[in-house]
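Residue numbers (the numbering used here), protein chains in the order written: chain A, 1 to 393; chain B, 1 to 105.
Read the structure below first, then the notes.
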Amino acid sequence: MSSVRVLVGTRKGAFILTADGKRKDWTVSGPFFAGWEIYHMKGSPVDPNCIYASQTSGWFGQILQKSEDGGKTWHQPGLKPGEPEMPAFPGKAPNRFEYDTSNATGNPLTTHQWYDGSQHPWEFKRVWHLEPSLTEAATVYAGVEDAALFRSTDGGQSWQELSGLRGHGTGPHWQPGAGGMCLHTVILDPSNPKRIFIAISAAGAFRTDDGGETWKPINRGLYSKYIPDPNAETGHCVHHIAMHPDRPNTLFMQKHWDIMRTDNAGDQWEKVSGNLPTDFGFVIDVHAHEPETIYVVPIKSDSEHFPLDGALRVYRSRTGGHEWEPLTKGLPQENCYVNVLRDAMAVDRLDDCGLYFGTTGGQVYASADAGNTWAPIVRDLPAVLSVEVQTLP
Amino acid sequence: MSDASTHAVRVELPYHLRNLAGVGEEVVLTLAAPVTLATVLDALESRYPMLRGTIRDHGTLQRRPFLRFFACAHDLSHQPPDTPLPPAVTEGKEPLIVLGAIAGG
Numbered sequence: 001m002s003s004v005r006v007l008v009g010t011r012k013g014a015f016i017l018t019a020d021g022k023r024k025d026w027t028v029s030g031p032f033f034a035g036w037e038i039y040h041m042k043g044s045p046v047d048p049n050c051i052y053a054s055q056t057s058g059w060f061g062q063i064l065q066k067s068e069d070g071g072k073t074w075h076q077p078g079l080k081p082g083e084p085e086m087p088a089f090p091g092k093a094p095n096r097f098e099y100d101t102s103n104a105t106g107n108p109l110t111t112h113q114w115y116d117g118s119q120h121p122w123e124f125k126r127v128w129h130l131e132p133s134l135t136e137a138a139t140v141y142a143g144v145e146d147a148a149l150f151r152s153t154d155g156g157q158s159w160q161e162l163s164g165l166r167g168h169g170t171g172p173h174w175q176p177g178a179g180g181m182c183l184h185t186v187i188l189d190p191s192n193p194k195r196i197f198i199a200i201s202a203a204g205a206f207r208t209d210d211g212g213e214t215w216k217p218i219n220r221g222l223y224s225k226y227i228p229d230p231n232a233e234t235g236h237c238v239h240h241i242a243m244h245p246d247r248p249n250t251l252f253m254q255k256h257w258d259i260m261r262t263d264n265a266g267d268q269w270e271k272v273s274g275n276l277p278t279d280f281g282f283v284i285d286v287h288a289h290e291p292e293t294i295y296v297v298p299i300k301s302d303s304e305h306f307p308l309d310g311a312l313r314v315y316r317s318r319t320g321g322h323e324w325e326p327l328t329k330g331l332p333q334e335n336c337y338v339n340v341l342r343d344a345m346a347v348d349r350l351d352d353c354g355l356y357f358g359t360t361g362g363q364v365y366a367s368a369d370a371g372n373t374w375a376p377i378v379r380d381l382p383a384v385l386s387v388e389v390q391t392l393p
Numbered sequence: 001m002s003d004a005s006t007h008a009v010r011v012e013l014p015y016h017l018r019n020l021a022g023v024g025e026e027v028v029l030t031l032a033a034p035v036t037l038a039t040v041l042d043a044l045e046s047r048y049p050m051l052r053g054t055i056r057d058h059g060t061l062q063r064r065p066f067l068r069f070f071a072c073a074h075d076l077s078h079q080p081p082d083t084p085l086p087p088a089v090t091e092g093k094e095p096l097i098v099l100g101a102i103a104g105g
């Protein structure tokens, strides 16, 4: 019988929630890496028992963890489990994210715009998002702050920057959002291994069609009042992007404000906020089997990061946007003032598509019927930073 | 001191780094003179490579901002890394303490 494994990253550790295909009885394991911020965990589509985790701390910096047994045990790539005192691995470190400034493959360490308008050099802070390759078990991508994309081809033992992105000519105009200048979204095109979509707060969305060597901004159609030129090529605060694997040219975006869609791989975006009560928010995702069914969690505003009227509502559109319906059954409809952060929603791929999202109040809500009804599967975790789901045979 | 040419230096680690390295509160490192912050951290990272980048930056080797180095009731955090450590540390009587700043929630 199929089962699901929900990977939850929180402010104070990682948790793994498991259930069989009925998704009624859940087992919670963790905390793993207790006391550390776990920005993201994601399993490999090639080997679901291989899971990567970004473990970070303001004190101790970045750690990259990997499990090869579905999350039961963890180790830093290159360090075998149970052998913590192995000799140093020369030239490699699983937590070394060094911007590539070499003449042969890199770009000069340029500057980006700082909060006060001055120019500021790129500084690595943490990994926001890990995206394992769709086809190569040992390849994984990391989106980091300050914004850059790294790739590992040795299972996370070492990382190389795809510096064409950071070196894009618009780089000096990129600036951090309130959460930092993070590369938070990495989407691999299942139909074209050379094509990758990424998004940066607050620079916008970018696409490569040559495996990461060169990049182009794909922000035409985005309109942002908070930048001097609302239609600028870059500077838009994209919060998250989602794709259905059967429609790789169609992307759905939750921007700071506005829900957007593109049907030509980002060359032109269209606003599809429609009848949403507010179109500010962070998460967006697509139904596993219905490419035009999408989900968002509207948040009141950029000044008040909680649901409108204290009522937690997921909104679903079955028409790819424009027309939205609130989904409330099982969700708190009063006195709810949590947030749902950008990487904290995911779907499973069971026949009756399951949805999951985590809140800054520590709840993880699940729906086993495509959003019609919801129930918390765990209530009192630390603030949830990310949720990913693995559908297991 | 282990013998005439090597020193057994005690290093006290903060909670999260102990867990990361899979060790107790204190580790003992054997290293040759000179015993400085830099040589002790080199030896620590060589023996426990999972600590690389957690105490000092991979590239610049600068101390991470929220960490401090204490020994013999003195803050050594701002001393040049090639400064010899106090004799009590070199002789193993006192530990070099790697300390996380008190902050956060």
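Glycine residues also receive a C-beta, built at the ideal position from the N, C-alpha and C atoms.
In the three-state reduction of the DSSP assignment, B/D42 falls in the helix class, which pools H, G and I.
For B/Y15, there is no enclosing beta strand (DSSP E); the enclosing alpha helix (DSSP H) has its first and last residue at Y15 to A21.
Contact check for A/P382 and A/G13: beta-carbon distance about 7 angstroms, within the 8 angstroms limit, so the pair qualifies. No residue range can be given for A/R220, since it is assigned to no alpha helix (DSSP H) and is classified by DSSP as neither H nor E. Within the same chain, and ignoring the five residues on either side of A/P245 in sequence, the residues whose Cβ sits closer than 8 angstroms to its Cβ are P190. Separation of A/T319 and A/H239 (C-alpha to C-alpha, rounded to the nearest whole angstrom) is 21 angstroms. Assignment of A/D100 by DSSP, reduced to helix, strand and coil, places it in the coil class. The beta carbon of B/G100 falls within 8 angstroms of a beta carbon belonging to chain A, placing the residue at that interface.
Scanning the stretch 248-281 of chain A from its first residue to its last, the whole beta strand (DSSP E) runs of 3-plus residues come out as 251-255 and 259-262. Per DSSP, the beta bridge partners of A/D285 are A/Y295. Inclusion of A/L341 and A/L385 in the CB contact set at 8 angstroms is warranted, their separation being smaller than that value. Taken through DSSP and simplified to helix, strand or coil, A/D343 comes out as strand.
The three-state secondary structure of A/A199, taken from DSSP, is strand. By the Cβ rule, the stretch 41-54 of chain A counts as touching the stretch 131-138 of chain A, because three or more pairs are nearer than 8 angstroms.
Counting the other Cβ atoms within 10 Å of the Cβ of B/L61 gives fewer than 16, which makes it exposed.
Within the stretch 48-60 of chain B, the residues whose Cβ lies closer than 9 angstroms to some Cβ of chain A are Y48, P49, M50, L51, R52, G53, T54, I55, D57, H58 and G59, listed in chain order.
The way I'd put it, the stretch 284-294 of chain A doesn't touch the stretch 206-225 of chain A; fewer than three beta-carbon pairs between them come closer than 8 angstroms. The alpha-carbon of A/G361 is positioned some 8 angstroms away from that of A/R379. Within 9 angstroms of the CB of A/L79, the CB atoms of chain B belong to P49 and M50, in sequence order along the chain. Two segments are said to touch when three or more pairs of C-beta atoms, one from each, lie closer than 8 angstroms; by this definition the stretch 16-28 of chain B touches the stretch 45-61 of chain B. Contact of B/R64 with chain A is assigned, a C-beta pair being separated by under 8 angstroms. Within the stretch 26-94 of chain A, the complete beta strand (DSSP E) runs of at least 3 residues fall at 27-32, 37-43, 51-57 and 61-67. In the displayed model, B/L51 falls within a helix according to three-state DSSP.
A/R166: member of the alpha helix (DSSP H) spanning S163 to R166, first to last residue. A direct Cα-Cα distance of roughly 33 angstroms separates A/T101 from A/N249. Taking C-beta atoms as the reference points, A/T27 and A/S3 fail to come closer than 8 angstroms. Residue pairing by DSSP places A/Q175 in no beta bridge whatsoever. With respect to chain B, the C-beta atom of A/F357 has no partner C-beta closer than 8 angstroms.
Between A/G35 and A/P94, the gap from beta carbon to beta carbon reaches 8 angstroms or more. Under the three-state reduction of DSSP output, A/D309 falls in the helix class. About 5 angstroms separates the Cβ atoms of A/T262 and A/W269, confirming a contact at the 8 angstroms cut-off. Using a Cβ distance threshold of 8 angstroms, B/L29 and B/F69 do not count as a contacting pair. Around the CB of A/W215, 16 or more other CB atoms lie within 10 Å, so the residue is classed as buried. Annotation: A/P376 is outside any alpha helix (DSSP H); the continuous beta strand (DSSP E) that includes it extends over A375 to V378. Burial check for A/A53: the Cβ neighbour count within 10 Å reaches 16 or more, so the residue is buried.
The bridge partners DSSP lists for A/E131 are A/Y141.
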